[in-house]
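Top line first, the protein sequences correspond to chains A and B. Residue numbering for the first sequence follows my numbering, starting at 40 and increasing by one per position. Residue numbering for the second sequence follows my numbering, starting at 40 and increasing by one per position.
There are 2 protein chains.
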Amino acid sequence: MPREVDVAIIGAGSAGLFALSQVRKQTDSYVLIDGGELGTTCARVGCMPSKVLIQVAEDFHRRKIFEREGIEGAVALKVDIPEAMEHVQDLRDTFVDRTLGVTDHMDEGHLLEANARFISEDTLEVNGEEIRAKKIIIATGSTPVIPAAWRSCAEHVLTTDEIFELEDLPTSMAVVGLGSIGLEIGQALSRLGVAVTGIDQIETVAKLADSVVSDLAIEAIGKEFPLWLGAVANLEMQDGAVKVSCGDQSVVVEKVLASLGRRPNLDKLGLENLSIDLDDRGIPVYDPHTMQVGNSSIFIAGDVNADRALLHEAGHEGRVAGYNAVHENIAAFKRKTFLGITFCDPNIATVGAQLDELNEAEIAIGEIQFGPVGRALIMAKNRGVLRVYANKADGRLLGAAMACVKAENLAHLLAWSIQQGLSVQDLLKMPFYHPVIEEALQAALYNALGQLDVKEELVELEKL
Amino acid sequence: MPREVDVAIIGAGSAGLFALSQVRKQTDSYVLIDGGELGTTCARVGCMPSKVLIQVAEDFHRRKIFEREGIEGAVALKVDIPEAMEHVQDLRDTFVDRTLGVTDHMDEGHLLEANARFISEDTLEVNGEEIRAKKIIIATGSTPVIPAAWRSCAEHVLTTDEIFELEDLPTSMAVVGLGSIGLEIGQALSRLGVAVTGIDQIETVAKLADSVVSDLAIEAIGKEFPLWLGAVANLEMQDGAVKVSCGDQSVVVEKVLASLGRRPNLDKLGLENLSIDLDDRGIPVYDPHTMQVGNSSIFIAGDVNADRALLHEAGHEGRVAGYNAVHENIAAFKRKTFLGITFCDPNIATVGAQLDELNEAEIAIGEIQFGPVGRALIMAKNRGVLRVYANKADGRLLGAAMACVKAENLAHLLAWSIQQGLSVQDLLKMPFYHPVIEEALQAALYNALGQLDVKEELVELEKL
Chain A
40 MPREVDVAII
50 GAGSAGLFAL
60 SQVRKQTDSY
70 VLIDGGELGT
80 TCARVGCMPS
90 KVLIQVAEDF
100 HRRKIFEREG
110 IEGAVALKVD
120 IPEAMEHVQD
130 LRDTFVDRTL
140 GVTDHMDEGH
150 LLEANARFIS
160 EDTLEVNGEE
170 IRAKKIIIAT
180 GSTPVIPAAW
190 RSCAEHVLTT
200 DEIFELEDLP
210 TSMAVVGLGS
220 IGLEIGQALS
230 RLGVAVTGID
240 QIETVAKLAD
250 SVVSDLAIEA
260 IGKEFPLWLG
270 AVANLEMQDG
280 AVKVSCGDQS
290 VVVEKVLASL
300 GRRPNLDKLG
310 LENLSIDLDD
320 RGIPVYDPHT
330 MQVGNSSIFI
340 AGDVNADRAL
350 LHEAGHEGRV
360 AGYNAVHENI
370 AAFKRKTFLG
380 ITFCDPNIAT
390 VGAQLDELNE
400 AEIAIGEIQF
410 GPVGRALIMA
420 KNRGVLRVYA
430 NKADGRLLGA
440 AMACVKAENL
450 AHLLAWSIQQ
460 GLSVQDLLKM
470 PFYHPVIEEA
480 LQAALYNALG
490 QLDVKEELVE
500 LEKL
Chain B
40 MPREVDVAII
50 GAGSAGLFAL
60 SQVRKQTDSY
70 VLIDGGELGT
80 TCARVGCMPS
90 KVLIQVAEDF
100 HRRKIFEREG
110 IEGAVALKVD
120 IPEAMEHVQD
130 LRDTFVDRTL
140 GVTDHMDEGH
150 LLEANARFIS
160 EDTLEVNGEE
170 IRAKKIIIAT
180 GSTPVIPAAW
190 RSCAEHVLTT
200 DEIFELEDLP
210 TSMAVVGLGS
220 IGLEIGQALS
230 RLGVAVTGID
240 QIETVAKLAD
250 SVVSDLAIEA
260 IGKEFPLWLG
270 AVANLEMQDG
280 AVKVSCGDQS
290 VVVEKVLASL
300 GRRPNLDKLG
310 LENLSIDLDD
320 RGIPVYDPHT
330 MQVGNSSIFI
340 AGDVNADRAL
350 LHEAGHEGRV
360 AGYNAVHENI
370 AAFKRKTFLG
380 ITFCDPNIAT
390 VGAQLDELNE
400 AEIAIGEIQF
410 GPVGRALIMA
420 KNRGVLRVYA
430 NKADGRLLGA
440 AMACVKAENL
450 AHLLAWSIQQ
460 GLSVQDLLKM
470 PFYHPVIEEA
480 LQAALYNALG
490 QLDVKEELVE
500 LEKL
């Protein structure tokens with residue numbers, strides 16, 4: 040007789056733990072199954088250690104504006120890399136410990152530290168044992184991609200799984216893949232003294248679809264370290280180092296960071312034993328509002344579904360999957376307005392719909408270049424651009440993209456506004472303090488206002 | 040025959056210039072009258088130079104966390120004060136020049152650089168000339184208060200009118216008055232090496248009505264320089280310096296900064312020649328939604344009305360006054376949700392209704408202490424608290440007060456939400472990225488949610 044539970048959650052990462060929080064409200068009959076290292080991708084090798092590294096690099100980089108401010112002695116500042124890495128690891132451990140708080144208190148009956156494999160839609164094999172579950176949640180996360188062609192250089196290739204573990208940093212590095220992870224880590228390492236070359240096969244960074252924003256980001260970040268865009272990187276060993284070629288350029292480096300994306304952890308789950316539909320990437324077809332896989336008793340949440348691989352979305356998806364796993368009727372939940380942030384300098388953020396999803400003839404694009412923005416000038420962070428996309432007919436905000444100081448904060452204002460269906464005109468009635476970076480958003484909104492089909496005097500809109 | 044115009048604006052500061060922008064849309068028959076130095080209080084001696092000084096001080100202060108990050112050599116950093124002050128003045132001049140852009144292009148018929156005085160409700164005397172105006176806008180701003188009792192020490196007393204002009208800073212200073220200006224400048228000077236003593240006769244800072252927030256701010260800032268609260272400062276000369284006594288404490292300082300507030304510039308306007316009502320402070324009684332003084336043809340906007348002496352409010356009031364001065368029917372305009380920010384570290388911000396305006400029995404107070412907030416910990420800025428006030432019955436947000444990192448940004452999210460009448464539950468449906476300071480607000484909102492009379496499962500609220 041297999042063991043029987045109401046719910047089995049495969050994966051104790053962020054999505055799995057959020058699912059667990061919902062499941063526990065309704066039943067004690069559950070198992071959480073994880074055969075890897077506990078502590079979540081976010082805390083162990085993702086959001087958290089990268090932000091610590093970025094903070095150290097930013098604080099060190101800031102010395103470059105000291106002279107204009109009358110602060111002397113910047114040239115004598117040095118980073119002790121092993122000390123800096125230890126700081127990264129110390130804080131990382133603090134954050135990992137917090138996530139372990141949940142699993143630390145779970146008994147052996149609820150937490151199974153092993154891999155799970157589907158035998159059938161309602162039965163898993165875990166460590167030789169069969170577990171039958173009324174509902175099963177797949178939340179197995181993802182793994183960094185390393186091209187098979189790089190195998191000969193494997194010893195010199197790092198991913199985020201390894202980089203935060205280093206006691207010292209290489210002197211030179213190629214960062215291949217300039218999405219959020221590559222840009223963040225590449226810039227941080229460059230600022231800490233590593234000779235970084237950034238490479239991506241496409242002509243943009245951080246997946247930006249707006250070339251005005253992308254061009255500015257590439258120009259600003261490209262001043263700190265070379266960015267080679269538009270050609271695939273090829274690796275070969277050369278005298279114990281790696282020669283990285285890209286188009287007609289090449290560089291010999293000590294190490295290569297593979298930041299080419301992450302692959303869903305699905306291959307060992309035994310999906311072939313299920314009668315569920317897979318998409319062309321091999322990912323179970325699911326409803327993003329219910330997280331249900333087809334009409335099955337299986338749910339899928341977090342990075343493993345390869346959509347919106349972000350902590351806050353994993354949390355949302357986990358909650359929805361967990362809720363639906365313990366309620367009779369499957370409920371559909373609203374998705375949040377898209378919000379993506381790359382914590383490089385300038386910050387890059389995208390909110391809501393992007394240019395490649397919009398019909399440019401139907402939208403007004405409100406733009407502000409940060410050059411003269413007062414507060415940005417004071418902060419010496421006035422290389423930036425922010426673009427808001429609004430429906431030309433009525434001013435409703437649809438999306439935004441930006442590469443600028445404090446984009447992480449401006450993006451929240453915009454995401455919250457878009458989620459509420461607000462218009463350019465609505466936002467211009469809000470208070471914008473002075474002198475703050477939010478005034479740049481105000482300027483972009485005024486710029487959009489002038490392009491709308493509706494010609495409204497702003498002051499009129501504030502009449503009681 | 041007196042000269043006749045449609046509109047006379049007295050004061051070419053922020054409020055006056057915003058009024059002008061509205062007036063110009065309807066008529067060319069106007070005069071802008073200003074007998075002082077042009078360039079706005081904000082740009083010359085207010086928001087802008089103070090933010091530059093704060094930025095330099097913050098960048099220098101940041102060296103204190105270098106050691107934990109592995110950055111060596113912080114002890115050798117020094118500030119060259121004359122260089123730093125020159126930087127403040129250079130940027131200040133840039134900002135002043137921008138505001139002069141408007142008046143630089145005005146001819147002598149439109150810009151009168153002289154003082155104005157009311158002879159009657161529709162007639163001003165300017166430089167011996169009479170000007171009759173259908174509508175008159177008072178936008179004369181304010182002046183720092185210096186107690187009469189300090190006259191014997193006058194040579195050692197500075198205000199914001201003088202401090203940004205200094206070529207060097209004093210070695211010691213008492214900052215009397217710990218509202219926004221005193222706190223901002225006091226902390227900045229302290230960080231730049233001036234031995235600062237902060238003094239206020241009341242037991243709070245930055246006008247905080249919430250003692251939890253106030254206590255934290257006082258404790259955090261009080262670690263950088265002494266704060267003497269709750270007794271009036273008395274000044275007397277002693278051996279060429281100033282002895283400042285406060286309760287049973289005293290200190291001898293080179294200079295005193297009077298940051299006790301600002302007095303409306305009304306005394307030379309000849310208000311005694313008008314039949315308008317004045318309040319008990321001598322300020323014309325006006326409607327804050329129309330900016331009209333009584334039923335007269337006079338409007339009053341900006342710092343001179345002693346309400347919300349903030350740039351963005353002066354701008355709003357100026358626009359409203361200007362609009363109403365050139366339209367037949369007086370229109371009432373919505374006021375913006377209150378938003379006040381003190382740019383000290385931690386930032387202090389108040390939004391909407393404050394505790395002393397609320398009935399504590401009817402509200403839920405959602406609180407977050409920043410100690411464990413991930414991003415704040417990474418930034419080494421995790422000394423902070425944020426409190427949101429919500430209607431207990433339905434969760435509607437009423438106000439907030441905070442002393443924490445990035446309060447300036449969080450306050451915008453909150454002000455915009457309050458202005459829209461959103462609830463705690465509404466906000467918790469919004470995206471909160473990770474790891475960002477906005478997550479602290481999320482935690483405070485969850486804390487408030489648990490105290491509401493309505494017991495709603497958050498996840499349920501997101502159902503489609």
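The beta carbon of each residue, even a glycine, is placed where N, CA and C say it ideally should be.
Does the CB of residue 90 of chain B have a neighbour CB from chain A at under 8 Å?
Here residue 90 of chain B refers to the residue found at position 51 of the second sequence. Taking Cβ atoms only, chain A reaches closer than 8 Å to residue 90 of chain B, which makes this a yes.
Can you confirm whether the region 82-94 of chain A touches the region 59-72 of chain A when touching is taken to mean that 3 or more C-beta pairs between the two stretches lie within less than 8 Å?
no
Spell out whether any CB of chain A is found under 8 Å from the CB atom of residue 65 of chain B.
Position 26 of the second sequence holds residue 65 of chain B. Not one chain A Cβ lies under 8 Å of residue 65 of chain B.
Please return the same chain residues whose Cβ sits closer than 6 Å to the Cβ of residue 116 of chain B, not counting the five positions on each side in sequence.
The count along the second sequence starts at 1 and reaches residue 116 of chain B at position 77. Result list for residue 116 of chain B: 102, in chain order.
Would you say residue 494 of chain B faces chain A, with C-beta separation under 8 Å as the test?
By 1-based counting over the second sequence, the position of residue 494 of chain B is 455. Judged by the 8 Å Cβ criterion, residue 494 of chain B is not in contact with chain A.
Cβ-Cβ distance between residue 209 of chain B and residue 236 of chain B below 8 Å:
For the purposes of this step, residue 209 of chain B is identified with residue 170 of the second sequence, where counting begins at 1. For the purposes of this step, residue 236 of chain B is identified with residue 197 of the second sequence, where counting begins at 1. It is not a contact, given that the beta carbons lie outside the stated cut-off.
Residue 318 of chain A, buried or exposed, once every other Cβ within 10 Å from all chains shown has been counted against 16:
Taking the first residue of the first sequence as 1, we reach residue 318 of chain A at position 279. Exposed, since its Cβ has fewer than 16 Cβ neighbours within 10 Å.
On the DSSP bridge list, what partners appear for residue 428 of chain A?
Locating residue 428 of chain A in the first sequence gives position 389, where the first residue counts as 1. Residue 428 of chain A pairs with A:404 and A:438.
What residues from chain B crowd round residue 87 of chain A, counting only those whose CB sits closer than 7 Å?
Locating residue 87 of chain A in the first sequence gives position 48, where the first residue counts as 1. Result: 413 and 474.
For residue 454 of chain A, which residues in chain B fall below 8 Å Cβ to Cβ?
Along the first sequence, one-based indexing puts residue 454 of chain A at 415. Residues of chain B passing the Cβ test: 469 and 470.
Taking only beta-carbon positions, decide if residue 330 of chain B is within less than 8 Å of chain A.
For the purposes of this step, residue 330 of chain B is taken as the residue at position 291 of the second sequence. Closer than 8 Å: no.
Can you tell which of A:154, A:91, A:499 and A:104 has its C-alpha closest to the C-alpha of residue 371 of chain B?
Taking the first residue of the second sequence as 1, we reach residue 371 of chain B at position 332. Among A:154, A:91, A:499 and A:104, the Cα nearest to that of residue 371 of chain B belongs to A:499.
Classify residue 390 of chain A as buried or exposed, calling it buried when 16 or more other Cβ atoms lie within 10 Å of its own Cβ.
Position 351 of the first sequence, counted from the first residue, corresponds to residue 390 of chain A. Label assigned to residue 390 of chain A: buried.
So which residues on chain B does residue 210 of chain A lean against when the C-beta distance must stay under 8 Å?
Sequence index remark: in the first sequence, residue 210 of chain A carries index 171 (1-based). What residue 210 of chain A touches in chain B: nothing, since even the nearest Cβ is about 17 Å away.
DSSP-derived helix/strand/coil call for residue 159 of chain B:
As a first step, residue 159 of chain B must be located in the second sequence, where it is residue number 120. Residue state, collapsed to three classes: strand.
Quick one, which residues of the region 358-389 of chain A are near chain B if we go by CB-CB under 7 Å, in chain order?
358, 362, 370, 371, 372, 373, 375, 376, 378 and 380
With burial defined as no fewer than 16 other Cβ atoms inside 10 Å of the residue's Cβ, what is the status of residue 211 of chain B: buried or exposed?
The residue you call residue 211 of chain B lines up with position 172 of the second sequence. Buried, because 16 or more other Cβ atoms sit within 10 Å of the Cβ of residue 211 of chain B.
Considering only DSSP beta bridges, list what residue 386 of chain B is partnered with.
Start at 1 with the first residue of the second sequence, and residue 386 of chain B comes out as number 347. B:443.
DSSP-derived helix/strand/coil call for residue 121 of chain B:
Residue mapping note: residue 121 of chain B aligns to position 82 of the second sequence, counting from 1. If DSSP states are grouped into helix, strand and coil, residue 121 of chain B belongs with the helices.
Measuring only the C-alpha atoms, how far is residue 222 of chain B from residue 244 of chain B?
Within the second sequence, the letter at position 183 stands for residue 222 of chain B. Within the second sequence, the letter at position 205 stands for residue 244 of chain B. For residue 222 of chain B and residue 244 of chain B, the distance between alpha carbons rounds to 8 Å.
Using a Cβ cut-off of 8 Å, which residues of the region 190-215 of chain A contact any Cβ in chain B, in chain order?
none
Let me know if residue 144 of chain B comes out buried or exposed under the rule of 16 or more other beta-carbons within 10 Å of its beta-carbon.
Here the question's residue 144 of chain B lines up with position 105 in the second sequence. Exposed.
Indicate the three-state DSSP secondary structure (helix, strand or coil) for residue 218 of chain B in the structure shown.
Numbered from 1 along the second sequence, position 179 holds the residue referred to as residue 218 of chain B. DSSP places residue 218 of chain B in coil when its eight states are reduced to three.
Does the beta carbon of residue 57 of chain A sit closer than 8 Å to a beta carbon anywhere in chain B?
Taking the first sequence and counting its residues from 1, the one referred to as residue 57 of chain A is at position 18. It does not: the Cβ of residue 57 of chain A has no partner Cβ on chain B nearer than 8 Å.
Check the Cβ of residue 126 of chain B against every Cβ in chain A and list those closer than 7 Å, keeping chain order.
Start at 1 with the first residue of the second sequence, and residue 126 of chain B comes out as number 87. Per Cβ cutoff of 7 Å: 107, 108 and 109.
Is residue 326 of chain A close to chain B, meaning its C-beta is less than 8 Å from at least one C-beta of that chain?
For the purposes of this step, residue 326 of chain A is taken as residue 287 along the first sequence, with counting starting at 1. So no, residue 326 of chain A is outside the interface.
Nearest CA to the CA of residue 93 of chain A: which residue from B:486, B:496 and B:474?
As a first step, residue 93 of chain A must be located in the first sequence, where it is residue number 54. Nearest option by C-alpha distance: B:474.
Beta bridge counterpart(s) of residue 150 of chain A as assigned by DSSP:
The count along the first sequence starts at 1 and reaches residue 150 of chain A at position 111. Its beta-bridge partners are A:71.
Which of helix, strand or coil does DSSP assign to residue 273 of chain A?
Taking the first sequence and counting its residues from 1, one reaches residue 273 of chain A at position 234. Three-state DSSP puts residue 273 of chain A in a strand.
Considering only residues of the region 272-323 of chain A, which uninterrupted beta strand (DSSP E) runs meet the minimum length of 3 residues and lie entirely inside it, listed in chain order?
272-277, 280-285, 288-292, 294-297 and 301-303
Buried or exposed, going by whether 16 or more other CB atoms sit within 10 Å of the CB of residue 366 of chain A?
Position 327 of the first sequence, counting from 1, holds the residue named residue 366 of chain A. With fewer than 16 Cβ atoms within 10 Å of its Cβ, residue 366 of chain A is classed as exposed.
Can you check whether the C-beta of residue 479 of chain A is within less than 8 Å of a C-beta belonging to chain B?
As a working note, residue 479 of chain A is residue 440 in the first sequence. Closer than 8 Å: no.
Taking the alpha-carbon of residue 128 of chain A as reference, which of A:201, A:412 and A:450 has the nearest alpha-carbon?
Position 89 of the first sequence, counted from the first residue, corresponds to residue 128 of chain A. Of A:201, A:412 and A:450, the residue nearest in Cα terms is A:201.
Assuming residue 407 of chain B contacts residue 482 of chain B under a Cβ cut-off of 8 Å, what Cβ separation, rounded to an integer in Å, is found between them?
Counted from its first residue, the second sequence places residue 407 of chain B at position 368. Counted from its first residue, the second sequence places residue 482 of chain B at position 443. At roughly 4 Å, the Cβ-Cβ gap stays under 8 Å, so residue 407 of chain B and residue 482 of chain B are in contact.
Nearest-angstrom Cα distance between residue 537 of chain A and residue 376 of chain A?
Not covered by the structure: residue 537 of chain A. The range shown for chain A is 40 to 503.
Exposed or buried, residue 462 of chain A, counting other C-beta atoms within 10 Å across all chains shown (16 or more means buried)?
Your numbering for residue 462 of chain A matches position 423 in the first sequence. Answer is buried; the Cβ neighbour count reaches 16.
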